[in-house]
Amino acid sequence: MRLSTLLAPLAATSTLAMPAPDATTADATIQKRACFTSGETWGGDRSNAENKAISLCNAIKDYSFSAGRNYHRCYNLSSRKKVDFTIKNHSDSARKLTYGECMTGIGREISGCGQGGARDYLYWRVTADPNAGQCA
Ligand SMILES: *[C@@H]1O[C@H](CO)[C@@H](O)[C@H](O)[C@H]1NC(C)=O
Ligand SMILES: *[C@@H]1O[C@H](CO)[C@@H](O)[C@H](O)[C@H]1NC(C)=O
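Heads up: the sequence shown is residues -17 to -1, 1 to 119, going by mature numbering (1 follows the signal peptide of the UniProt record, and there is no 0).
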């Protein structure tokens, strides 16, 4: 799960950009619905990633994305690392993704998987993936 490394200036971290999430029908390339076994590790950025999950889950709780679609959001971690969060809607009935469901689903891919992971959780497929580089 290694995306191309972006040679970005390291200084531009003063603004907290909140770009619109991209909701796409493209499947997040999930081979295993489990912990990833290759790619970047959380390393020293695990608690940073947990803080980003709080931002994600606060943003997503009012967001609608229909069945089969992904809610994706990238957050910068350290200067050379980022985390890609993706939540796919598997539900065929009207229901919101609550903050608690989001935090439980995302949280265990962070705390339970050294390199992130992807898993089905309730009505959602949740992915938390540390990657090299910074968000575009
Ligand atoms: C998930 O998809 C279903 C069916 O399209 C929809 O009714 C539901 O509201 C969606 N959930 C979210 C959180 O958007
Ligand atoms: C991540 O960092 C890059 C490089 O500094 C910046 O261009 C981008 O806007 C940042 N993205 C987010 C989501 O913070």
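Cβ coordinates follow ideal geometry from the N, Cα and C atoms, glycine included. This structure is a prediction, so every number in the text was calculated from the model and none was measured.
Original post:
Would aspartate 28 be called buried (16 or more neighbouring beta carbons within 10 Å of its own) or exposed?
Top reply: Residue 28 sits at position 45 when you count from the first residue of the sequence shown. Classification of aspartate 28: buried, given that the 10 Å Cβ count is 16 or more.
Original post:
What is the DSSP secondary structure of lysine 35, reduced to helix, strand or coil?
Top reply: As a working mapping, residue 35 is identified with position 52 in the sequence shown. In the three-state reduction of the DSSP assignment, lysine 35 falls in the helix class, which pools H, G and I.
Original post:
Does the Cβ of glycine 99 have 16 or more other Cβ atoms within 10 Å, making it buried, or fewer, making it exposed?
Top reply: Counting from one through the sequence shown, the residue named residue 99 turns up at place 116. Classification for glycine 99: buried.
Original post:
Is the closest heavy atom of ligand 1 to the C-beta of aspartate 67 under 7 Å?
Top reply: Stepping through the sequence shown from its first residue, residue 67 is reached at position 84. No, since every heavy atom of ligand 1 falls outside the 7 Å radius drawn around the Cβ of aspartate 67.
Original post:
Which two residues bound the contiguous beta strand (DSSP E) that contains tyrosine 104?
Top reply: By 1-based counting over the sequence shown, the position of residue 104 is 121. Note, tyrosine 104: beta strand (DSSP E), 100 to 104.
Subject >> beta-carbon leucine 80 near ligand 1 non-hydrogen atom, thresh 7 Å >> reply: Looking up residue 80 in the sequence shown gives position 97. Under cutoff, so the answer is yes.
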